[in-house]
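Worksheet: one structure, shown below.
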Amino acid sequence: MRDRFEELRTLAVQLHPEAAALMHRGEAAGSASAAGGGGRGRGGSPLLAGDAHALLSADLEAGRHPDRLLANFAVEEAKGPPDEEAFLSGYFRKVAVLTAALAEIGENVEKMQELKRRVVEATNSEEEKDVSHELHKVLDGTTLLMQKTQRALETLRTENRRFAEAQRGSLSSVSELRIRHNLQQTLAAQLQQHLQLLQMRQAEYRLQVKKKVLRQIKLGMLYSFSLTSLHTD
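Residue 746 is where the sequence shown starts when you use our numbering, and the numbers rise one by one after that.
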């Protein structure tokens, strides 16, 4: 996912002449900031809206999780052809927020897999209850984050459509349109993969729980049968 994002960002520089010069200045500024101990960006990339990647990192470090940042998404109206300062800047910041949200979703899916294993392997009802509570808490949070991510992706899609309509016939906007579309499609595909994986593991978990219940019933029946046999003897 991250590699795909970097490829598209590199493509943006290649396709937009002004972006290359802007990138060069951004790297110089980034180096100067780093020398002064106040480096904010990752490589000083200017394509992330005034060092938006650094702003995103600051937001996350300040406790502003992706789900809260997603709430600030809004469709940006096209304001004429792309220029040196505006080329995909705000769009890349939104992509960075979505990338962080998708990473958190992926981590939560893996965490749920471990919690499900602990539920199935629990040896007493108290342990099973505690782990199940934690599992449902993570599941609820992940489901909400997925919903917010989906709405944010729809916002990007709407923004892309309006941008395409506003720039219709403009050759200077072709590269930006392509990058916008590819980024939105890549993020949407990643979310769909997470959703499918979650659904598959939910089905596996339900099957494992069912098998565990059946084993417990069988053990209970065997225990009852043993007690009956002892009384009979």
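Heads up, the beta-carbon is just placed ideally off N, CA and C, and yes, glycines get one too.
Give me the Cα-Cα distance between E873 and V864, rounded to the nearest whole angstrom. Rounded to the nearest angstrom, the gap between the Cα atoms of E873 and V864 is 5 Å.
So, is E842 buried or exposed, given that buried needs 16 or more other C-beta atoms within 10 angstroms? The amino acid at residue 842 is misidentified as Glu; the sequence shows Val. So V842 counts as buried.
Which same chain residues end up closer than 7 Å to L801 when comparing Cβ atoms and leaving out the 5 residues on each side of it in sequence? Legend: pLDDT at L801 = 47, less than 50; position of this residue unreliable, no value from coordinates given.
Cβ-based neighbour list, H926, same chain, cut-off 8 Å, excluding 5 preceding and 5 following: N905
Quick one: residues in its chain with C-beta nearer than 8 Å to the C-beta of A867, no 5 flanking neighbours on either side, listed in chain order? E873 and V876
If contact is defined by three or more beta carbon pairs under 8 Å, each pair taking one atom from either stretch, is the region 884-904 in contact with the region 949-956? no
For G851, which three-state DSSP category applies? helix
Taking buried to mean at least 16 other C-beta atoms within 10 Å of its own C-beta, is I962 buried or exposed? exposed
So for G914, helix, strand or coil by DSSP? coil
Closest residue to A848 among L928, G914 and L932 (Cα-Cα distance): For the residues L928, G914 and L932, the minimum Cα distance to A848 belongs to L932.
Tell me, to the nearest whole angstrom, how far the beta carbon of A909 is from that of L898; I am working on the premise that it is less than 8 Å. With 8 Å as the limit, A909 and L898 do not qualify as a contact, their Cβ atoms being about 16 Å apart.
Would the beta-carbon of G851 fall within 8 Å of that of H939? yes
Rounding to the nearest angstrom, what Cα-Cα distance links R960 and L860 in this structure? So the two alpha carbons sit approximately 20 Å from each other.
What number of angstroms, rounded off, separates the C-alpha of R896 from the C-alpha of L936? 11 Å
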